[in-house]
């Protein structure tokens, strides 16, 4: 948790900020795990973090989990909201900053969904489907389904006729709702939020299977940077988010109760799934 | 009478009615505007067809341009995803593109990969990823398969209100996939229909207005013809009259000239008729005079005897045998006078429509002509073979015969012979008047024998009696034949068809 950035108030240019380390703003990564298509949410989150940390905050978004994970592990991000799967995969290189609380717990489920018009109630009945995954590095949007199949000695490529990645949980719901995919693997939290915000999409889908409760996608930092003041400030800001009006506004948009500290073993179950899938090869 | 009515009678009546409705019988005021309307409908149809064809071409050009723009934009964003077979991104591009292109109503877009399989469609439920394109969809472009490439192929299905478009996705000169789009063109079709309706309505109204205007214009133009026709029609009913001065068109116009010529003609005809009437009256008076003088002679002859008889009665009436003989003498004398007077009355008073000619009707003529033959010392051969009655109009026949007999008497020199024959077979009454005169001049002969209506009386010469004869014979549908009498003179034969209906009535 050594070095890292000094405080600096800087102009918005990314290139310039990278060029001047003491003035570099806090880089906070976001994965598409999230409702990151909501610009109002992003600016509120940025404003809250800047206010609480007293530093410029740069929100970094990439299309895939992999890119964010690579940036985080390589120390190019101060912290990032990643998925439990990459956290489990890079556990030695990462440390937990905070875990969101959803419905009072730092847990969520993965949903296996299918078109609402289909007469299916188990995953087995979805053999031969065109299946939509969210991201190859997503727990709920890939690993949970892959592990379910691995337990039955199946691979997604053999079980499904065709699979594709949408790089976004919301896109999985869109793909299934439109009929592009017959079934999909999606983050249960995102799905539940979409039930409120976009019921016309979720109404055209149905949940075939809910997974067991798993660790909610956490905010992590590179282990080397874990004790850096910037990371600590971010951690404080997150933990205290529910205490402040602007923070509560952000939480309201995220439909979350707050953030909490958690132990890495929260993600053991995910790590076990990962091991299972890897064993099958 | 009891014979059934022949079938041709009632059948020909509807046929005649039908003829009245034949186009050739329509008035020019209807025909001309109708012809104009038909021509205008032809022009309207042609013009509308041209306008609609041009509109369809313009619409298709616009559609082609819009579609090309849409597909160009789409293909540039699709090619990288198609190369990677990224189903979601292809779908996402299609999904977002739907709301991006307001200019055209894209109903459906399908993206195929290089092997022709569906990569993603805007309607994935119908066109699932990884399946082959349904035959119905590929068949649309079957006929246009040769023109593949980056130029989009457009197939317009006006009935289905859709346009089908296909564009290949070409990357580095290689076809990596293709886009198929169905575009809703109901707006374009609706616009075409609106234009068609407007054209039809405008043309229809225009044609109607022109036809109505044409009707009134032509009615106005042919009004003088109608006026003239009305006047001519009236002349057929015997009431020919000039066109009133107020109705005359200006003298320099075609109709003005024509009308004035017509009025001049009417005036000439009127004058001729007046003259003919006057001459006829004079002739009538002349023949009356001749008759009267004959009758006076006829009455005068017995008068001397009658006065003698009265004298005998006055002085020797007490002797019975004298008285009786004298009274018989008086009776005979008065009876002769009575016969002459009765015959004259019959000839000149009988204007009725008596249609049954009796033997006595012809015998009356003998009495009437008797004084004239006596005065001119002519021999009258009288051969009346009519025994009972024949059905023929009495008045014109008797008048015609009287004229012929008087003419014959006039034409025959003293000591000559005038003969009369009357006979009838079942169909014709034959009346012959001959004389031993100098013969009938050729122009009278031609006039008497000519067919058809009499156009004008003979003005020259003194043949008015013949004119009357000719008119009377026409009246009874008779014919006149003129020949030479017994070696000399003239022999005039009247053939008068017997009226069968009337005959049957009598029978």
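Chains as they are written, first to last, in my numbering: chain H, 269 to 549; chain V, 63 to 569. Backbone N, C-alpha and C define an ideal beta-carbon position, used for all residues, glycine too.
- Under the criterion of beta carbons closer than 8 Å, residue 434 of chain H and residue 402 of chain H qualify as touching, at roughly 6 Å.
- DSSP places residue 444 of chain V in no alpha helix (DSSP H) but in the uninterrupted beta strand (DSSP E) bounded by 441 to 446.
- Segment contact: the region 345 to 356 of chain H against the region 417 to 432 of chain H, fewer than three CB-CB distances shorter than 8 Å; contact not assigned.
- Non-local C-beta neighbours of residue 506 of chain H in its own chain, meaning closer than 8 Å and more than five positions away in sequence, comprise 365, 366, 487, 527, ordered along the chain.
- A straight-line Cα-Cα distance of about 58 Å links residue 432 of chain H and residue 107 of chain V.
- Of the candidates V:229, V:110, V:162, V:229 places its Cα closest to the Cα of residue 141 of chain V.
- The straight-line gap separating the alpha-carbon atoms of residue 344 of chain V and residue 334 of chain V is approximately 15 Å.
- Within the region 412 to 438 of chain H, 429, 430, 432, 433, 434 place their CB atoms closer than 7 Å to a CB of chain V, listed in sequence order.
- Distance between residue 404 of chain H and residue 256 of chain V, taken at the CA atoms: about 56 Å.
- Proximity of residue 446 of chain H to chain V, defined by a Cβ-Cβ separation below 8 Å, is satisfied.
- Collapsing the DSSP output to three states places residue 430 of chain H in a strand.
- Between residue 177 of chain V and the set V:134, V:111, V:357, V:240, the nearest pair of CA atoms involves V:240.
- The continuous stretches of alpha helix (DSSP H) do not include residue 349 of chain H, which lies in the beta strand (DSSP E) extending over residues 347 to 349.
- Among the bridge pairs identified by DSSP, residue 483 of chain V is matched with V:445, V:494.
- Under the three-state reduction of DSSP, residue 365 of chain H is assigned to strand.
- Shown in chain order are the members of the region 140 to 156 of chain V whose Cβ falls below 8 Å from a Cβ of chain H: 148, 149, 150, 153, 154.
- The residue from H:337, H:292, H:541, H:447 with its alpha-carbon nearest to that of residue 318 of chain H is H:292.
- The beta carbon of residue 249 of chain V is closer than 8 Å to those of 167 in its chain, skipping five residues each way along the sequence.
- Straight through space, the alpha carbons of residue 260 of chain V and residue 443 of chain H are spaced by roughly 47 Å.
- Only residues of its own chain outside the window of five on either side were considered, and among them 141 have a CB closer than 6 Å to the CB of residue 233 of chain V, listed in chain order.
- The shortest CA-to-CA distance from residue 251 of chain V to any of V:202, V:115, V:396, V:285 is the one to V:115.
- Not a single CB atom of chain H sits nearer than 8 Å to the CB of residue 243 of chain V.
- One thing to note: residue 219 of chain V has its Cβ no nearer than 8 Å to the Cβ of residue 169 of chain V.
- Annotated three-state conformation of residue 421 of chain H is coil, per DSSP.
- Between the alpha carbons of residue 375 of chain V and residue 403 of chain V lies a distance of about 26 Å.
- In this chain, the alpha helix (DSSP H) harbouring residue 461 of chain H covers 456 to 465.
- By alpha-carbon distance to residue 497 of chain H, the top candidate from H:337, H:347, H:316, H:333 is H:347.
- Within the same chain, 429 come within 7 Å of residue 401 of chain V by CB-CB distance, once the 5 residues on both sides are set aside.
- Counting only runs that start and end inside the region 147 to 200 of chain V, the beta strand (DSSP E) elements of at least 3 residues fall at 167 to 175, 180 to 183.
- Taking 8 Å as the threshold, the shortest C-beta distance from residue 398 of chain H to chain V falls below it.
- Residue 101 of chain V is classed as exposed because its beta carbon has fewer than 16 other beta carbons within 10 Å across all chains shown.
- The three-state secondary structure of residue 311 of chain V, taken from DSSP, is coil.
- Looking at the DSSP output, residue 242 of chain V shares a beta bridge with V:172, V:228.
- Separation of residue 321 of chain H and residue 345 of chain H (C-alpha to C-alpha, rounded to the nearest whole angstrom) is 15 Å.
- Checking the DSSP bridge columns, you'll see residue 381 of chain H partnered with H:452, H:475.
- Boundaries for residue 332 of chain H: no beta strand (DSSP E) harbours it, and the DSSP string shows neither H nor E there.
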